[in-house]
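Below is one structure, written out as structure tokens; the observations come after it.
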Amino acid sequence: MRVEQLENKLRQLTGENEQLQYRVRQLEEQLRQQGGAQAAPASRPASAAAQPQSPPTYQQQSYPQQPYQQGAAAAPSYPPATPQPGRRNDAFDPNANPNAPGVPRQLGSIVGQPSAPERPVGAPGGRNAGEPLDLSSVHGGAPQAGGETQVATAAPGQSPRDEFDLGYGYIQRKDYALAEETLRGFVKKYPNDRLTADAQYWLGESLFQRQRYRDAAESFLTVTTKFDTATRAPDALLRLGQSLAALKEKEAACAAFGEVTRKYPRASSGVKQGVDREQKRNGC
1080 MRVEQLENKL RQLTGENEQL QYRVRQLEEQ LRQQGGAQAA PASRPASAAA
1130 QPQSPPTYQQ QSYPQQPYQQ GAAAAPSYPP ATPQPGRRND AFDPNANPNA
1180 PGVPRQLGSI VGQPSAPERP VGAPGGRNAG EPLDLSSVHG GAPQAGGETQ
1230 VATAAPGQSP RDEFDLGYGY IQRKDYALAE ETLRGFVKKY PNDRLTADAQ
1280 YWLGESLFQR QRYRDAAESF LTVTTKFDTA TRAPDALLRL GQSLAALKEK
1330 EAACAAFGEV TRKYPRASSG VKQGVDREQK RNGC
């Protein structure tokens, strides 16, 4: 009965939240229309009073340049070689002009092309020692540049266990956005698998850790109602209470905490200690 009350309370909160969001959108639209109406007349005197201004002058910065030679394919100019005593004037001296065509060069060298930067030597993918391994390089993908949106890596195998382990691995690495994407796909793809209850719990955890408490509460509530005999059910009920407490729903949160010890008297000591701690913190 208490679980049903929690469900009804959560649905009520969801409806109130949607109404508030709709009201906020209406207010934003009204403010946008009022701002546009005021900006139109105000812009006219400003444009009329504007005086023509002379274009800004820019001081060109001088840089040392080579003498300009007309023609795209003009040959480079070189200073005339000074004849040395005891030698013929028409003799070719490579030391006088080392860049001239025909001068012997070291084998393997390419003139005019900078050498490519070397990749760091060490761990795969060029990462420094102690940095986390990029899963995209492990599975054959190219490492992504910093600041780009990460995409969940495909599981190495096709079994439900492989996909679950991939999502749980993101939880361990604290990549909660990738964990949500992977685990949400798992529960949709395998609704009746024996790992679905755990996947639903860790999906809620990925939301809870990013302070998306309402979505997290819905995920934990699914565990406590649809998978109430699962191993993670007591933990999910505790997390449900914590999510409701974060949403300032003290009465519903205290009801969830009390339901843990009543419904799961054999819960682990860690869960029971967590219930006692949360009840004291919220004044239940």
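In the working numbering, the protein residues as written are 1080 to 1363.
Using N, Cα and C, we set each Cβ at its ideal position, and we do this for glycine too.
With H, G and I counted as helix, E and B as strand and the rest as coil, what does DSSP make of residue i?
i	result
PRO1344	coil
SER1271	Note that residue 1271 is Asn in the sequence shown here, rather than Ser. Coil.
PHE1306	coil
ARG1090	helix
GLN1290	coil
CYS1364	Here the chain has residues from 1080 to 1363 only, and residue 1364 is not among them.
ASP1254	coil
VAL1350	helix
SER1238	coil
LYS1327	coil
ARG1311	coil
PRO1135	Per-residue confidence for PRO1135 stands at a pLDDT of 47, beneath the threshold of 50, marking its modelled position as unreliable; no derived number is given.
Within 10 angstroms of the Cβ of residue i, are there 16 or more other Cβ atoms? Answer buried if so, exposed if not.
i	result
SER1238	exposed
THR1301	buried
GLN1112	exposed
PRO1344	exposed
GLU1242	buried
GLN1091	exposed
GLU1083	exposed
ASP1314	buried
GLN1109	exposed
GLN1290	exposed
If contacts are defined as beta-carbon pairs under 8 angstroms, then residue i and residue j qualify, I think. What distance do you get, rounded to the angstrom?
i	j	result
GLN1288	TYR1249	Not a contact, Cβ separation roughly 11 angstroms.
THR1304	LEU1319	THR1304 to LEU1319, Cβ: 10 angstroms. No contact.
TYR1292	LEU1262	Contact doesn't hold; Cβ gap of about 17 angstroms is too wide.
ARG1240	LEU1274	7 angstroms
ASP1277	ARG1311	6 angstroms
VAL1266	LEU1317	Contact doesn't hold; Cβ gap of about 20 angstroms is too wide.
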